[in-house]
């Protein structure tokens, strides 16, 4: 049933947000994460999904580059893994902002990259 719904989703051109809620069984126990990522339309910019495997967070962010926000909901203690995810984002130089709650991690990703330099040059501003 999930595959049929996701296939139907690809025919919709105005969908920009998807929320997949299933507290008892993760979606990736029913379908392959590669397949899931391959059929998410480019019009979708926001994904709200239950996570049962912390590695799926990295996979979704890497494969769904056109998304600008993710909300990952947890049914387990995520505390030991969050630092790892945030460090991974930093190491990959993914420009992001996040909000962390007891039950979820929301991440907003900017498509713009900001280059930081360690230059001490002064800039004179004139009016």
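Numbering (our numbering), first residue to last: 1 to 127. A virtual CB, placed ideally from N, CA and C, is assigned to each residue, including glycine.
Limits of the beta strand (DSSP E) - the one that residue i falls within
i: residue 195; result: The structure shown does not extend to residue 195, since the chain spans only 1 to 127, so no value can be given for it.
i: residue 73; result: 69 to 74
i: residue 96; result: 96 to 100
i: residue 17; result: 17 to 20
i: residue 106; result: 104 to 109
i: residue 39; result: Segment 33 to 39 is the alpha helix (DSSP H) holding residue 39; no beta strand (DSSP E) there.
i: residue 46; result: 46 to 51
With 16 other Cβ atoms within 10 Å as the buried cut-off, status of residue i
i: residue 196; result: An answer regarding residue 196 cannot be provided, because it is not within the stretch 1 to 127 covered by the chain.
i: residue 119; result: Annotation note: pLDDT 47 at residue 119 (below 50); position unreliable, no value reported.
i: residue 50; result: buried
i: residue 74; result: buried
i: residue 102; result: exposed
Beta-carbon proximity check, residue i vs residue j, cutoff 8 angstroms
i: residue 70; j: residue 107; result: yes
i: residue 4; j: residue 48; result: no
i: residue 105; j: residue 52; result: no
i: residue 60; j: residue 37; result: yes
i: residue 82; j: residue 95; result: no
i: residue 6; j: residue 15; result: no
i: residue 56; j: residue 31; result: no
Bounding residues of the alpha helix (DSSP H) (the contiguous stretch that carries residue i)
i: residue 90; result: 79 to 91
* Asked: Taking contact to mean at least 3 C-beta pairs separated by less than 8 angstroms, is the stretch 76 to 89 in contact with the stretch 41 to 50?
  -> no
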